[in-house]
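Numbering (our numbering), first residue to last: -18 to 98.
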C-alpha cells in the first residue's frame, strides 16, 4: 500500500513538533499555515462568548500578514484574537487543548460538561 506524503510523516514525533508544524512542512513553499480555533469548544464558539465576555481565539503563525488575516476573520466574528507567537507555539496550544478535552470528558471533574457517573 502506498502512503501519501502526509501519512508518511504522521503522527508528529514527540514534543519537538506539532500537527500544525507538520502540515507546514508538507504544503508547497510559500504557503502559510496558521494555527487557530483548536482551543475553542464548539458550544462556546457558536455562542461567541463565555460569561458575557468575547471568546478568545489563540493564533500562532510565522507570517505576520497571515496572522493578521486570521485575526481579522476572528474579529469579524465578534471574537477576540490573541496572536501568541510563531507556529512553534502550536505545540503548547495542541497540548493545552488536550488537557481541556480530558477535563471536559471526565464526569468527576468540576469543569466537566459530561454527565456524572
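Glycine included, C-beta positions come from ideal geometry on N, C-alpha and C.
All values reported here derive from a predicted model rather than from experimental measurement.
Rounded to the nearest angstrom, how far is the Cβ of residue 38 from that of residue 60, given a contact under 8 Å? One-based indexing of the chain shown puts residue 38 at position 57. One-based indexing of the chain shown puts residue 60 at position 79. Taking a contact as a CB-CB distance under 8 Å, the pair residue 38 and residue 60 counts as one, their CB atoms being some 5 Å apart.
Pull up the distance between the alpha-carbon of residue -1 and that of residue 43, whole angstroms please. Indexing the chain shown from 1 puts residue -1 at position 18. Indexing the chain shown from 1 puts residue 43 at position 62. Taking the straight line from one Cα to the other gives about 14 Å.
Distance check for residue 66 and residue 6, CA to CA, integer angstroms please. Translated into the one-based positions of the chain shown, residue 6 becomes position 25. Translated into the one-based positions of the chain shown, residue 66 becomes position 85. So the two alpha carbons sit approximately 18 Å from each other.
Determine the DSSP secondary structure at residue 36, reduced to helix, strand or coil. Locating residue 36 in the chain shown gives position 55, counting from the first residue. Three-state DSSP puts residue 36 in coil, outside helix and strand.
How many angstroms separate the CA atom of residue 57 from the CA atom of residue 86? Counted from its first residue, the chain shown places residue 57 at position 76. Counted from its first residue, the chain shown places residue 86 at position 105. Rounded to whole angstroms, residue 57 to residue 86 spans 31 Å at the Cα level.
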